[in-house]
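The listed protein sequences correspond, in order, to chains W and H. Read in order, the letters of the first sequence are residues 1 to 10 in our numbering. Read in order, the letters of the second sequence are residues 11 to 225 in our numbering. Notes follow once the structure below has been shown.
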Amino acid sequence: TTQEQTHDEL
Amino acid sequence: MNIFRLAGDMTHLASVLVLLLKIHTIKSCAGISLKTQELYALVFATRYLDLFTDYISLYNTLMKLIFLVSSFSIVWYIRHHKIVRRSYDKDQDTFRHYFLVLPCFLLALVINEKFTVKEIMWTFSLYLEAVAILPQLVLLQRTRNIDNLTGQYVFLLGAYRSLYILNWIYRYFTEPHYVHWITWISGLVQTLLYADFFYYYFQSWKNNVKLELPA
């Protein structure tokens, strides 16, 4: 499953 | 988190604090483009929509709050502070920045990683950030010479994005599946926009002369 890529950069 | 990204965030923080410091201490915004500051406030407002929904880390949340508060207070200072607003040169700061907002939004509707409200707003904020400095660079060209605080502000802003590019390269090689073409390309475009400013900034620093931008 494509891990939900949350944007972890500012 | 890697050293490039931390350095980038600190440089970005420094650029905003330099600007706030300038405006707060000398009570003047001469040479500062309100349009660029409004675009930056919009960039942060649309990028940090997940501030209360996705908790990533204390650092992440804290920095988001600092950027939001500082960018909106800079806009407030220039627009409403009784002394600072007098030094705002609206006749020179004439870049029609609304013409930047719509194309960025339309582009975000077409080119994005996922067609969701949050993702589209996030992508919009990326494209907008890439061009947000344009009104400021146009203003610098117009007013010819710039005071060193404004020069430092633009320099730090460009440096933060260059450090982020190093961060993306580092993450690409160290994290599998870390691919964000949209972020990389818009970040590269943003840095290239600063390139000519960097050139003149470096020349003036090397020859120890006041920064003059060619018309």
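Ideal placement from N, C-alpha and C gives every residue a C-beta, glycine not left out.
Neighbourhood of residue i by C-beta, 7 Å cutoff - its chain only, sequence neighbours within 5 removed
i: Y98 of chain H; result: C39, L44 and I88
Listed by chain order, chain W residues near residue i by CB distance under 7 Å
i: K74 of chain H; result: L10
i: D19 of chain H; result: L10
Backbone CA spacing between residue i and residue j [nearest angstrom]
i: Q3 of chain W; j: H187 of chain H; result: Model confidence at Q3 of chain W stands at a pLDDT of 46, short of 50, so the residue's coordinates are unreliable; what they give is reported in the following sentence. Cα to Cα, the separation comes out at about 10 Å.
i: Y180 of chain H; j: L173 of chain H; result: 11 Å
i: P224 of chain H; j: G41 of chain H; result: 16 Å
i: Y209 of chain H; j: F165 of chain H; result: 10 Å
i: L30 of chain H; j: I84 of chain H; result: 6 Å
i: F82 of chain H; j: Y182 of chain H; result: 33 Å
i: F115 of chain H; j: D206 of chain H; result: 26 Å
i: V189 of chain H; j: G197 of chain H; result: 14 Å
i: L238 of chain H; j: F134 of chain H; result: A query on residue 238 of chain H cannot be resolved here, the shown segment of chain H reaching from 11 to 225 and no further.
i: T1 of chain W; j: V127 of chain H; result: Only weak support is given to the placement of T1 of chain W: the predicted model assigns it a pLDDT of 36, under 50, and the value that follows is read from those uncertain coordinates. Looking at the two C-alpha atoms, the distance is approximately 22 Å.
i: I76 of chain H; j: N217 of chain H; result: 36 Å
i: A51 of chain H; j: I13 of chain H; result: 26 Å
i: T35 of chain H; j: A24 of chain H; result: 16 Å
i: A55 of chain H; j: H91 of chain H; result: 22 Å
i: L147 of chain H; j: L202 of chain H; result: 13 Å
i: H22 of chain H; j: Y163 of chain H; result: 9 Å
i: H7 of chain W; j: S67 of chain H; result: 12 Å
i: I33 of chain H; j: R95 of chain H; result: 10 Å
i: V53 of chain H; j: T184 of chain H; result: 28 Å
i: D60 of chain H; j: F125 of chain H; result: 16 Å
i: V28 of chain H; j: T63 of chain H; result: 30 Å
i: A169 of chain H; j: Y137 of chain H; result: 18 Å
Anticipated Cβ contact below 8 Å, residue i with residue j, distance rounded
i: T46 of chain H; j: I143 of chain H; result: 6 Å
i: Y58 of chain H; j: K37 of chain H; result: Not a contact, Cβ separation roughly 29 Å.
i: L221 of chain H; j: I156 of chain H; result: 6 Å
Contact list for residue i against chain W, beta-carbon separation under 8 Å
i: R15 of chain H; result: E9
i: I66 of chain H; result: T6 and D8
i: N70 of chain H; result: D8 and L10
Close-in-space but distant-in-sequence residues of the same chain around residue i (CB under 8 Å, 5 per side omitted)
i: Y69 of chain H; result: M11
i: D103 of chain H; result: S43, L44, K45, P145 and L149
i: Y65 of chain H; result: T71
i: E123 of chain H; result: E129, T133, H190 and I192
Proximal residues to residue i (C-beta, below 6 Å), its chain only, five neighbours per side dropped
i: V26 of chain H; result: S80
i: V141 of chain H; result: L110
i: L167 of chain H; result: S25
i: R15 of chain H; result: N177
Cross-chain neighbours of residue i in chain W, by beta carbon under 9 Å
i: W132 of chain H; result: H7
i: F77 of chain H; result: L10
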